[in-house]
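Here it is in structure tokens:
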């Protein structure tokens, strides 16, 4: 690939939800804010199509770092479905987060703390990969963790990891 002829679209990470929230209404529990990262991605693509109605890329590279890397992985097949005639590749960087453990009991038993115990799951409402959701009965906890999600992603990946990502 020769990147000199490519266009770059940068979607700023500002949603604190791995680019995956699907909420459309403010939440009192979140002080009037809401998680809408997936909606921001979809809106960005809609704006691209408004600006360039004939947009039909032949090559698409989706990437993100840290939480954006998880978002890139979660949306890999979604981007591929948007541009089915394009060669879509996804390269998450530092997006293979370890499963969250937040309670002493879970640490002692080496198990993941359920998202529901972290009081976020109902406020978050993340976009879930269709295949992962079908295989896990819509499990938000499982489908937002790369170790489960990876087996369901069909889009070719080049995974870059960073052990020293401060968010890990």
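In the working numbering, the protein residues as written are 169 to 336.
Just so you know, even glycine gets a beta-carbon here, dropped at the ideal spot from N, CA and C.
Since this is a predicted model, take the numbers as computed values, not measurements.
Best match in the options for proximity to residue i [C-alpha to C-alpha]
i           : options            : result
residue 244 : 328, 324, 329      : 324
residue 242 : 302, 332, 326, 314 : 314
residue 190 : 318, 291, 236      : 291
residue 327 : 237, 223, 209, 220 : 237
residue 234 : 264, 217, 320      : 264
residue 322 : 239, 306, 299      : 299
residue 232 : 308, 171, 197, 209 : 209
residue 260 : 320, 306, 240      : 240
residue 254 : 332, 192, 224      : 224
residue 203 : 183, 308, 319      : 183
Sheet register partners of residue i (DSSP bridge)
i           : result
residue 328 : 261
residue 231 : 259
residue 294 : 189
Span separating the alpha-carbon of residue i from that of residue j
i           : j           : result
residue 304 : residue 247 : 22 angstroms
residue 227 : residue 329 : 23 angstroms
residue 250 : residue 273 : 43 angstroms
residue 132 : residue 188 : The first residue shown for the chain is 169 and the last is 336, placing residue 132 beyond what the model contains.
residue 177 : residue 196 : 33 angstroms
residue 219 : residue 213 : 10 angstroms
residue 180 : residue 295 : 18 angstroms
residue 221 : residue 277 : 54 angstroms
residue 258 : residue 230 : 5 angstroms
residue 119 : residue 319 : Because the chain is modelled from 169 through 336, residue 119 falls outside the range shown and cannot be assessed.
residue 173 : residue 199 : 44 angstroms
residue 310 : residue 207 : 21 angstroms
residue 256 : residue 171 : 14 angstroms
residue 252 : residue 217 : 15 angstroms
residue 215 : residue 175 : 15 angstroms
residue 192 : residue 201 : 10 angstroms
Cβ-based burial, residue i [other Cβ within 10 Å; buried from 16]
i           : result
residue 312 : buried
residue 186 : buried
residue 317 : buried
residue 194 : exposed
residue 262 : buried
residue 332 : exposed
residue 293 : buried
residue 297 : buried
Subject >> Start-end ranges of the alpha helix (DSSP H) lying completely within the segment 184-218, minimum 4 residues >> reply: Runs found: none.
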